[in-house]
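Engineer: Got a structure for you, written out below as structure tokens; questions coming shortly.
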Ligand SMILES: O=P(O)(O)OC[C@H]1O[C@H](OP(=O)(O)OP(=O)(O)O)[C@H](O)[C@@H]1O
Ligand SMILES: O=c1cc[nH]c(=O)[nH]1
Ligand SMILES: [Mg+2]
């Protein structure tokens with residue numbers, strides 16, 4: 145897996161990450177969602193540099209212009225809930241992409257610390273030979289991405305997978321490297337060192353799904 149770390153180079157993306165993390169700003173839900181969306185746009189732009197391109201001609205009012213255009217058959221798959229604003233950001237640039245939606249959530253049957261990841265909902269076109277973009281803003285243990293990969297197997301084998309995430313923990317990234325095909329790419333805005341005993345990224349930003357959409361009842 146090739147890891148592309150966006151904040152390795154300073155840019156305006158730092159401002160968006162800072163606002164996502166800031167306890168005094170992240171309560172503004174619209175700004176929180178929009179910052180994730182903006183990072184989806186930036187990472188979509190960055191990952192598009194890896195596409196295959198072929199030359200086309202465009203008729204202008206004054207003549208013909210040659211231009212290299214992307215050849216990829218794209219499917220954007222986001223992991224519900226928190227993947228939704230990232231999905232919107234990617235779709236803002238890849239407007240003709242096909243789309244998949246899959247759910248994955250942490251279920252705590254016994255106590256706060258132990259959890260299983262439940263995948264219950266999947267709506268997807270065939271992924272056979274496609275360029276698959278898997279989007280989820282938080283990469284903590286990596287178990288959601290891995291369970292989703294398994295659930296998607298029945299939809300066909302993608303040509304290449306681009307994982308897009310905002311904050312990743314080192315441990316989760318190392319786990320993904322053992323499971324995802326070698327030619328996969330991870331586009332991650334920033335990387336944190338630690339997970340706490342509840343599997344939350346530290347310093348992270350808290351619960352991205354709740355910050356986007358409000359808290360949910362355990363059931
Ligand atoms: O790498 P992992 O350890 O699997 O953790 C990351 C996952 O946890 C969160 O989802 P959550 O279960 O909170 O669902 P939500 O999006 O509905 O809030 C987050 O949005 C990721 O999907
Ligand atoms: O830190 C974390 C870990 C999982 N899910 C989140 O939203 N945040
Ligand atoms: Mg959550």
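Residue numbers (this note's numbering): 145 to 363.
The beta carbon of each residue, even a glycine, is placed where N, CA and C say it ideally should be.
Cβ-heavy atom distance between residue 184 and ligand 1 below 6 Å?
Structural biologist: To locate residue 184, count along the chain shown from 1; it is residue 40. Result no, Cβ not under 6 Å from ligand 1.
Engineer: Would you kindly check if the distance between the Cβ of residue 278 and the Cβ of residue 372 is under 7 Å?
Structural biologist: One cannot answer for residue 372 here, as it falls past the ends of the chain, which runs 145 to 363.
Engineer: Quick one: any contact between the region 182-194 and the region 154-168, if contact means 3 or more CB pairs under 8 Å?
Structural biologist: Cβ pair count under 8 Å is three or more, so yes.
Engineer: Flag residue 145 as yes when its Cβ comes closer than 6 Å to any non-hydrogen atom of ligand 1, and as no otherwise.
Structural biologist: In the chain shown, residue 145 corresponds to position 1, counting from 1. No, the Cβ of residue 145 stays beyond 6 Å of every heavy atom of ligand 1.
Engineer: Quick one: using the 10 Å Cβ neighbour count with 16 as the cut-off for buried, is residue 267 buried or exposed?
Structural biologist: Here the question's residue 267 lines up with position 123 in the chain shown. Burial call: exposed.
Engineer: Which whole-angstrom value describes the C-beta separation of residue 177 and residue 169, a residue pair presumed to lie in contact below a C-beta threshold of 8 Å?
Structural biologist: Mapped onto the chain shown, residue 177 falls at position 33. Mapped onto the chain shown, residue 169 falls at position 25. The pair is not a contact, with the Cβ atoms about 13 Å apart (cut-off 8 Å).
Engineer: Could you say which of 341, 258, 181 lies nearest to residue 226 if we only look at CA atoms?
Structural biologist: One-based indexing of the chain shown puts residue 226 at position 82. Checked all of 341, 258, 181; the closest Cα to residue 226 is 181.
Engineer: Roughly how many angstroms lie between the CA atoms of residue 344 and residue 272, to the nearest whole one?
Structural biologist: As a first step, residue 344 must be located in the chain shown, where it is residue number 200. As a first step, residue 272 must be located in the chain shown, where it is residue number 128. Each residue's alpha carbon lies about 34 Å from the other.
Engineer: Measuring from the CB of residue 350, is there a heavy atom of ligand 3 at a distance below 6 Å?
Structural biologist: Reading the chain shown from its first residue, position 206 is the one you call residue 350. For ligand 3, not one heavy atom lies less than 6 Å from the Cβ of residue 350.
Engineer: Could you work out which residue in 207, 353, 287 is closest to residue 315 when comparing CA atoms only?
Structural biologist: Looking up residue 315 in the chain shown gives position 171. The shortest C-alpha separation from residue 315 is found at 287.
Engineer: Taking the C-alpha atoms as reference points, what is the distance between residue 342 and residue 248?
Structural biologist: Position 198 of the chain shown, counting from 1, holds the residue named residue 342. Position 104 of the chain shown, counting from 1, holds the residue named residue 248. Each residue's Cα considered, the two are about 17 Å apart.
Engineer: Taking the straight line between their C-alpha atoms, what separation do you get for residue 239 and residue 192?
Structural biologist: For this step, residue 239 is matched to residue 95 along the chain shown. For this step, residue 192 is matched to residue 48 along the chain shown. Each residue's Cα considered, the two are about 13 Å apart.
Engineer: Helix, strand or coil for residue 282? Go by DSSP, reduced to three states.
Structural biologist: As a first step, residue 282 is located in the chain shown; it is residue number 138 there, counting from the start. Of the three classes helix, strand and coil, the one that applies to residue 282 here is strand, per DSSP.
Engineer: Please state whether the Cβ-Cβ distance between residue 208 and residue 201 is less than 7 Å.
Structural biologist: As a first step, residue 208 must be located in the chain shown, where it is residue number 64. As a first step, residue 201 must be located in the chain shown, where it is residue number 57. In this structure, residue 201 lies closer than 7 Å to residue 208 by Cβ.
Engineer: Quick one: is the Cβ of residue 344 within less than 6 Å of any heavy atom of ligand 2?
Structural biologist: The residue given as residue 344 occupies position 200 in the chain shown. Within the cutoff, so yes.
Engineer: Can you determine whether any heavy atom of ligand 1 sits closer than 6 Å to the C-beta of residue 249, and answer yes or no?
Structural biologist: Looking up residue 249 in the chain shown gives position 105. Under cutoff, so the answer is yes.
Engineer: Short check: CB of residue 328 to CB of residue 305, under 7 Å?
Structural biologist: In the chain shown, residue 328 corresponds to position 184, counting from 1. In the chain shown, residue 305 corresponds to position 161, counting from 1. Cβ atoms of residue 328 and residue 305: closer than 7 Å.
Engineer: To the nearest angstrom, how far is it from the Cα of residue 216 to the Cα of residue 307?
Structural biologist: Within the chain shown, the letter at position 72 stands for residue 216. Within the chain shown, the letter at position 163 stands for residue 307. Their backbone Cα atoms lie some 16 Å apart in a straight line.
Engineer: My assumption, with CB atoms under 8 Å, is that residue 349 sits in contact with residue 148. Please give the rounded CB distance.
Structural biologist: Stepping through the chain shown from its first residue, residue 349 is reached at position 205. Stepping through the chain shown from its first residue, residue 148 is reached at position 4. That pair is no contact at about 20 Å.
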